[in-house]
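**Q** Residue numbers (the working numbering): 1021 to 1370. Built from N, CA and C at the ideal position, the CB exists for glycine as well. I have a structure here, written as structure tokens, and I will follow up with some questions on it.
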Ligand code: HEM
């Protein structure tokens, strides 16, 4: 035994020493082969984008001033005066877009492959909460840049808070002792990240407990898992490097805009594209349409495991749920394109 240890190279000896202290080999538990596919790495990549947002967000917080009088100028200074400030902001912006897209694709993968079915219904509901938190991160981040688009987003937020009556107290400019912008900042950099870590921890523990759901496309019985999880992590690391490269290129080639300082009482912007599907709904129904449409989507997501309960996972044999879901996705995408083409409308100003 001693002879074997002596013959092992320095890399192996370092790994053994680390394993003895940190239990690294526990990460080599077997997972199914399909876990290494990109479709099954979308949850991991969502987490990677969150971690990238955390690192860049900590750096941005060294320059940002969360008061209405100074917030806009502090973002301008970051872009024009701080070394690599524009790049940092661009990276954070594109990582946020990536997270929105990756969480959406992960949700769709889980839905289409029927991976939310027994015994994973609880984890689907935890996932819906994470999707809601992703939306809150995105919305609060949009307000922080404090240009015209940001102020108009906040004004909509206040209106919706009023529609909620007493339940919407947190969104009232009269609640608390600091401006709502400051409270949204606290939510964005402290409350939401802390809750997100806790909830994502539960999500991952449940994935570990249940194991990866079987592939819906396999004929015959599911083979025993044989791939070490550590190899899945290594592949995820590869995908993560590609993501970092992509975000770097986008941050340099397509830096996010920063409009002029906000003016109250006018409505001249449209929301960013992930929220744009709500814009025509607001045109047709009014501000309350934003509340009802968002609630409808989240309630529909929450009841998915109760509607689609049978053991069948293949999407083509679950058309009764897959077709309506596809129609909703197409409608949301259609509304985004339609809203991008329609002129700006004032809904709440004036
Ligand atoms: C917001 C950030 C999220 C993160 C960081 C995350 C992370 C993960 C990871 C790492 C996995 C295992 C690998 C994979 O299947 O890709 C996973 C699986 C899962 N996720 Fe998420 N997830 C998030 C959001 C969601 C959402 C929005 C839903 C659904 C509404 C969801 C439902 C599930 C389910 C049911 C599984 C088990 C899938 C299976 O066994 O095949 N997750 N998640």
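Is there a Cβ of chain C sitting closer than 8 angstroms to that of residue 1295, yes or no?
**A** Among the chains in the structure shown there is no chain C, since it carries only a single protein chain.
**Q** Does residue 1237 pass the burial test, meaning 16 or more other C-beta atoms within 10 Å, or should it be called exposed?
**A** When all chains shown are included, residue 1237 counts as exposed.
**Q** Just reading off the alpha helix (DSSP H) that residue 1303 is part of, what are its end residues?
**A** 1298–1305
**Q** At the level of alpha carbons, what is the spacing between residue 1160 and residue 1173?
**A** 9 angstroms
**Q** What does DSSP give as the partner residues of residue 1247 in its beta bridges?
**A** Residue 1247 pairs with 1051.
**Q** Over the uninterrupted alpha helix (DSSP H) stretch that includes residue 1031, give me the two end residues.
**A** 1030–1042
**Q** Determine the direct distance from the alpha carbon of residue 1147 to that of residue 1319, and round the result to whole angstroms.
**A** 13 angstroms
**Q** Below 8 angstroms, how does it come out for the segment 1080–1087 and the segment 1045–1058: are there three or more Cβ pairs, yes or no?
**A** The segment 1080–1087 vs the segment 1045–1058: no contact.
**Q** Between 1230, 1250, 1299, 1234, which has its C-alpha nearest residue 1142's C-alpha?
**A** 1230
**Q** Once the 5 residues before and after residue 1327 are set aside, which same chain residues still bring their CB inside 7 angstroms of it?
**A** Cβ neighbours of residue 1327 within its own chain (closer than 7 angstroms, five residues either side excluded): 1341.
**Q** Flag residue 1130 as yes when its Cβ comes closer than 7 angstroms to any non-hydrogen atom of the ligand HEM, and as no otherwise.
**A** yes
**Q** Spatial neighbours of residue 1250 within its chain, please: CB distance less than 6 angstroms, with the 5 preceding and 5 following residues excluded, ordered by chain position.
**A** 1047, 1048
**Q** On a Cα-Cα basis, can you pick out the residue from 1051, 1106, 1204, 1365 that is closest to residue 1253?
**A** 1051
**Q** Thinking C-beta only, is residue 1126 closer than 8 angstroms to residue 1062?
**A** yes
**Q** When you compare the CB positions of residue 1106 and residue 1275, do they come within less than 8 angstroms of one another, or not?
**A** Against a cut-off of 8 angstroms, the Cβ pair of residue 1275 and residue 1106 comes out as a contact.
**Q** Reducing DSSP to helix, strand and coil, say where residue 1082 ends up.
**A** Of the three classes helix, strand and coil, the one that applies to residue 1082 here is coil, per DSSP.
**Q** Among 1068, 1102, 1064, 1139, which has the Cα closest to the Cα of residue 1082?
**A** 1102
**Q** For the alpha helix (DSSP H) holding residue 1327, just list the boundary residues, first then last.
**A** 1308–1327
**Q** Between the alpha carbons of residue 1287 and residue 1200, how many angstroms are there, rounded?
**A** Just so you know, the alpha carbons of residue 1287 and residue 1200 end up roughly 19 angstroms apart.
**Q** Quick check: does the Cβ of residue 1251 come within less than 7 angstroms of any heavy atom belonging to the ligand HEM?
**A** no
**Q** If you compare alpha carbons, which of 1311, 1038, 1355, 1055 is closest to residue 1184?
**A** 1311
**Q** Between which residues of its own chain and residue 1079 is the CB-CB distance below 7 angstroms, once the five residues before and five after are set aside?
**A** 1108
**Q** Who are the Cβ neighbours of residue 1281 in its own chain at under 6 angstroms, not counting the five residues just before and after it?
**A** In its chain, beyond the 5 residues on either side, 1092 have a beta carbon closer than 6 angstroms to the beta carbon of residue 1281.
**Q** Alpha carbons only, please: which of 1301, 1296, 1277, 1295 is nearest the one belonging to residue 1096?
**A** 1277
**Q** Could you tell me the distance, in whole angstroms, from the CA atom of residue 1358 to the CA atom of residue 1300?
**A** Taking the Cα positions, residue 1358 is about 8 angstroms away from residue 1300.
**Q** Take residue 1134 as the anchor and find which of 1353, 1364, 1331 has the nearest alpha-carbon.
**A** Answer by Cα proximity: 1331.
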